[in-house]
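Colleague: Protein chains in written order, with my numbering: chain A, 820 to 972; chain B, 820 to 972; chain C, 5 to 86; chain D, 5 to 86.
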Amino acid sequence: MVRIVIQEAPFDFGAEADQFAASRSDVGAVVTFTGVVRNLDGEDLTAMEIEHYPSMTERALTRIAQEASDKWDLLDCLIIHRHGRLSAGERIMMVATAAAHRAAAFAAAEFLMDYLKSRAPFWKKEHASGAAKWVRAKDEDEEALRRWQPKPD
Amino acid sequence: MVRIVIQEAPFDFGAEADQFAASRSDVGAVVTFTGVVRNLDGEDLTAMEIEHYPSMTERALTRIAQEASDKWDLLDCLIIHRHGRLSAGERIMMVATAAAHRAAAFAAAEFLMDYLKSRAPFWKKEHASGAAKWVRAKDEDEEALRRWQPKPD
Amino acid sequence: MIDVLYFAWVRERIGIPKERIETDATTVAGLVEELRAREERYALAFADTTALRVALDQELSHFDAPIKGVREVAFFPPMTGG
Amino acid sequence: MIDVLYFAWVRERIGIPKERIETDATTVAGLVEELRAREERYALAFADTTALRVALDQELSHFDAPIKGVREVAFFPPMTGG
Numbered sequence: 820m821v822r823i824v825i826q827e828a829p830f831d832f833g834a835e836a837d838q839f840a841a842s843r844s845d846v847g848a849v850v851t852f853t854g855v856v857r858n859l860d861g862e863d864l865t866a867m868e869i870e871h872y873p874s875m876t877e878r879a880l881t882r883i884a885q886e887a888s889d890k891w892d893l894l895d896c897l898i899i900h901r902h903g904r905l906s907a908g909e910r911i912m913m914v915a916t917a918a919a920h921r922a923a924a925f926a927a928a929e930f931l932m933d934y935l936k937s938r939a940p941f942w943k944k945e946h947a948s949g950a951a952k953w954v955r956a957k958d959e960d961e962e963a964l965r966r967w968q969p970k971p972d
Numbered sequence: 820m821v822r823i824v825i826q827e828a829p830f831d832f833g834a835e836a837d838q839f840a841a842s843r844s845d846v847g848a849v850v851t852f853t854g855v856v857r858n859l860d861g862e863d864l865t866a867m868e869i870e871h872y873p874s875m876t877e878r879a880l881t882r883i884a885q886e887a888s889d890k891w892d893l894l895d896c897l898i899i900h901r902h903g904r905l906s907a908g909e910r911i912m913m914v915a916t917a918a919a920h921r922a923a924a925f926a927a928a929e930f931l932m933d934y935l936k937s938r939a940p941f942w943k944k945e946h947a948s949g950a951a952k953w954v955r956a957k958d959e960d961e962e963a964l965r966r967w968q969p970k971p972d
Numbered sequence: 005m006i007d008v009l010y011f012a013w014v015r016e017r018i019g020i021p022k023e024r025i026e027t028d029a030t031t032v033a034g035l036v037e038e039l040r041a042r043e044e045r046y047a048l049a050f051a052d053t054t055a056l057r058v059a060l061d062q063e064l065s066h067f068d069a070p071i072k073g074v075r076e077v078a079f080f081p082p083m084t085g086g
Numbered sequence: 005m006i007d008v009l010y011f012a013w014v015r016e017r018i019g020i021p022k023e024r025i026e027t028d029a030t031t032v033a034g035l036v037e038e039l040r041a042r043e044e045r046y047a048l049a050f051a052d053t054t055a056l057r058v059a060l061d062q063e064l065s066h067f068d069a070p071i072k073g074v075r076e077v078a079f080f081p082p083m084t085g086g
């Protein structure tokens with residue numbers, strides 16, 4: 820089971836978390852991750868602008884959620900990602916994973932986040948202290964993705 | 820910031836998740852884990868009974884939450900754990916961690932779960948198909964804890 | 005006088021959750037020897053201490069630990085929280 | 005005819021989000037060469053293709069890939085989702 824939501828409007832994290840996987844009786848472990856627009860140290864962050872590639876985003880997210888579901892036998896999997904202009908403190912996105920045991924739920928959630936960070940077609944622009952700049956991709960996010968690659972025999 | 824709740828009554832996961840760390844503007848990443856009483860394969864699990872050691876439990880959980888907070892610079896940390904008799908599908912416990920970045924929030928939540936599994940004074944008894952048996956500690960849970968130990972130089 | 009607490013199947017085998025006892029033992033292991041000698045239900049509960057954990061005054065400890073000054077000893081199987 | 009899309013700072017440098025162009029190029033790299041030759045804003049946007057990513061028909065691809073039969077090419081900086 821995979822659900823993908825891409826929207827400009829805020830989402831209700833509490834309600835989503837509460838309803839997620841609630842109908843499955845074989846779930847033993849649920850992990851959620853939520854990304855929040857944070858105020859940068861000493862800066863006056865007024866907004867985060869998120870651009871995306873509409874015709875690609877849902878397809879890409881559906882495929883990766885399906886891949887995670889297959890790899891870790893997930894019983895449920897949810898990705899919600901906003902775009903548009905968000906203020907500090909607003910929730911940008913969430914993933915949720917449900918599995919029989921905790922190791923699978925944690926690994927799948929981390930995999931989805933590593934993927935979203937550097938392979939899902941979103942671009943963030945920070946508006947702080949009157950200036951706007953595109954967020955640079957971090958080398959450590961590329962590194963993080965590498966740990967999920969199959970090891971050569 | 821650390822909050823520990825040990826109670827027999829159900830807790831409102833959606834509301835707890837929604838309110839967690841909501842007042843902090845420096846939070847960029849929130850991870851939650853929820854453990855659920857699951858129906859075992861092919862068995863008719865009617866209930867899970869959880870015994871604990873009241874005078875030890877809160878102290879032990881507070882200390883480990885504080886340790887996780889210090890180690891990963893958590894901005895907020897919550898553990899809720901129920902005891903008593905629970906039915907299949909009920910939420911047993913949750914942890915939530917808030918940090919500036921995702922790696923810290925994930926690592927702290929996994930550490931807390933590994934600790935709770937084999938170091939917090941709770942004991943589970945499964946009532947299924949008319950029989951009751953104490954859940955055996957798993958070797959893999961001991962293994963899981965070992966990864967957090969400082970490596971010898 | 006020392007309070008001795010039992011949890012989970014240790015409690016079930018011994019048949020009580022808690023008792024206050026007089027002991028001459030100086031270590032947890034010594035206390036376990038005294039308990040084993042009491043009655044068969046104790047001997048059964050403490051047959052294999054590698055299957056047991058011990059806490060002294062609500063802190064996890066080990067069977068070689070001294071119990072001088074300790075007010076509460078708790079015996080239980082490996083924990084299964086989370 | 006091929007649709008070419010630009011995102012984030014690539015879009016800002018070129019000044020438009022999308023255009024439909026006629027091309028003789030057979031690979032992404034060939035298309036980039038044609039675009040660079042057009043105007044300075046293209047030359048600037050495509051100055052360093054190691055800083056860019058490309059998708060062909062909504063699938064991540066690479067600059068050596070053929071574009072025969074492709075309907076939509078998108079250029080953008082490394083992604084920063086999550």
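Where is the CB? At the ideal position from N, CA and C, for every residue including glycine.
Using CA coordinates, which residue listed in A:THR853, A:MET820, A:MET867 and A:MET912 is at the minimum distance from ALA836 of chain B?
Modeller: With distances taken between Cα atoms, ALA836 of chain B lies closest to A:THR853.
Colleague: Please classify LYS943 of chain B as buried or exposed, where buried requires at least 16 other C-beta atoms within 10 Å of its C-beta.
Modeller: Buried, since its Cβ has 16 or more Cβ neighbours within 10 Å.
Colleague: Assuming ALA841 of chain B contacts TRP891 of chain B under a Cβ cut-off of 8 Å, what Cβ separation, rounded to an integer in Å, is found between them?
Modeller: Rounded, the Cβ-Cβ distance is 20 Å, inconsistent with contact.
Colleague: For the region 872–908 of chain A, list the alpha helix (DSSP H) runs that are entirely contained and at least 4 residues long, ordered along the chain.
Modeller: Listed in chain order, they are 873–891.
Colleague: Mark PRO873 of chain B as exposed unless 16 or more other C-beta atoms lie within 10 angstroms of its C-beta, in which case mark it buried.
Modeller: When all chains shown are included, PRO873 of chain B counts as exposed.
Colleague: Taking all protein chains shown into account, do 16 or more other C-beta atoms lie within 10 angstroms of the C-beta of MET932 of chain B, making it buried, or fewer, making it exposed?
Modeller: Result: buried.
Colleague: Is the closest heavy atom of the ligand NAP to the C-beta of ALA840 of chain A under 7 Å?
Modeller: The ligand NAP is not part of the structure shown, which contains no ligands of any sort.
Colleague: Taking C-beta pairs closer than 8 Å, name the residues in chain C that VAL954 of chain B reaches, listed in chain order.
Modeller: Here the neighbours are THR84.
Colleague: What is the DSSP secondary structure of MET5 of chain D, counted as helix, strand or coil?
Modeller: If DSSP states are grouped into helix, strand and coil, MET5 of chain D belongs with coil.
Colleague: By how many angstroms is the C-alpha of LEU905 of chain A removed from the C-alpha of ASP831 of chain B?
Modeller: Rounded to whole angstroms, ASP831 of chain B to LEU905 of chain A spans 28 Å at the Cα level.
Colleague: Taking LEU56 of chain C as part of the beta strand (DSSP E), name the residues at either end of that continuous run.
Modeller: LEU56 of chain C -> no beta strand (DSSP E), and no H or E assigned at all.
Colleague: VAL954 of chain B and THR54 of chain C: beta carbons closer than 8 Å?
Modeller: Cβ atoms of VAL954 of chain B and THR54 of chain C: not closer than 8 Å.
Colleague: Helix, strand or coil: how does DSSP classify ARG965 of chain B here?
Modeller: Three-state result, ARG965 of chain B: helix.
Colleague: Over the uninterrupted alpha helix (DSSP H) stretch that includes GLN838 of chain A, give me the two end residues.
Modeller: From DSSP, the alpha helix (DSSP H) with GLN838 of chain A extends over 832–838.
Colleague: On the criterion of 16 or more Cβ atoms from any shown chain inside 10 Å, does GLY847 of chain A qualify as buried, or is it exposed?
Modeller: Result: buried.
Colleague: So which residues on chain B does PRO70 of chain C lean against when the C-beta distance must stay under 7 Å?
Modeller: Residues of chain B passing the Cβ test: none, with the nearest at roughly 19 Å.
Colleague: Since ALA29 of chain C is in the alpha helix (DSSP H), which residue starts that stretch and which ends it?
Modeller: No alpha helix (DSSP H) holds ALA29 of chain C; DSSP gives it neither H nor E.
Colleague: Using C-beta distances below 6 Å, list every residue in its chain close to VAL824 of chain A, excluding the 5 sequence neighbours before and after it, in chain order.
Modeller: Closer than 6 Å at the Cβ level, and outside the excluded window around VAL824 of chain A, lie ILE899.
Colleague: Kindly indicate if chain D contains any beta-carbon less than 8 Å away from that of LEU935 of chain A.
Modeller: For LEU935 of chain A, the answer is yes, since a Cβ of chain D falls inside 8 Å of its Cβ.
Colleague: May I ask you to report which of helix, strand or coil DSSP gives VAL914 of chain B?
Modeller: Reduced to three states, the DSSP call for VAL914 of chain B is strand.
Colleague: Do the CB positions of PRO829 of chain B and HIS871 of chain B come within less than 8 Å of each other?
Modeller: Their beta carbons are not under 8 Å apart, which means PRO829 of chain B does not touch HIS871 of chain B by this criterion.
Colleague: At least one CB of chain D closer than 8 Å to the CB of HIS946 of chain A: is that the case?
Modeller: Closer than 8 Å: no.
Colleague: Specify, as a first and last residue, the run of the beta strand (DSSP E) that LYS72 of chain C falls within.
Modeller: Neither: LYS72 of chain C is in no beta strand (DSSP E) and is coded neither H nor E.
Colleague: Would the beta-carbon of ASP61 of chain C fall within 8 Å of that of ARG40 of chain C?
Modeller: No. Outside cutoff.
Colleague: Answer with yes or no whether the minimum CB distance from PHE80 of chain D to chain A is below 8 Å.
Modeller: Closer than 8 Å: yes.
Colleague: Per DSSP, what kind of secondary structure is ILE18 of chain D in: helix, strand or coil?
Modeller: ILE18 of chain D: helix per DSSP, three-state reduction.
Colleague: Going along chain B in order, which residues have a C-beta closer than 7 Å to the C-beta of ASP837 of chain A?
Modeller: The contacting residues are PHE832 and GLY833.
Colleague: Evaluate HIS902 of chain B with the Cβ neighbour count: other Cβ atoms within 10 Å of its Cβ, from every protein chain shown; 16 or more gives buried, anything less gives exposed.
Modeller: Looking at its Cβ environment, which holds 16 or more other Cβ atoms inside 10 Å, HIS902 of chain B is buried.
Colleague: In whole angstroms, give me the CA-to-CA distance for LEU897 of chain A and GLN838 of chain A.
Modeller: One C-alpha to the other measures close to 11 Å.
Colleague: Cβ closer than 8 Å: which chain A residues qualify as neighbours of ALA59 of chain D?
Modeller: In chain order: TYR872, MET875 and PRO940.
Colleague: Taking any Cβ of chain A, which residues in the region 10–32 of chain D have a Cβ under 9 Å from it, in chain order?
Modeller: Those residues of the region 10–32 of chain D that come within reach of chain A (Cβ to Cβ, closer than 9 Å) are PHE11, ALA12, TRP13, ARG15 and GLU16.
Colleague: Take GLU877 of chain A and list the residues in its own chain whose beta-carbon comes closer than 7 Å to its own, dropping the five residues that flank it on each side.
Modeller: Excluding sequence neighbours, GLU877 of chain A sits near ILE823 and ILE825.
Colleague: Could you tell me whether the Cβ of ASP895 of chain A comes closer than 8 Å to any Cβ of chain B?
Modeller: So, not an interface residue.
Colleague: Are any of the Cβ atoms in chain C nearer than 8 Å to that of GLY854 of chain B?
Modeller: Closer than 8 Å: yes.
Colleague: Between the region 876–888 of chain B and chain C, which residues of the former have a C-beta closer than 8 Å to a C-beta of the latter?
Modeller: Cβ contacts with chain C: ARG878 and ALA879.
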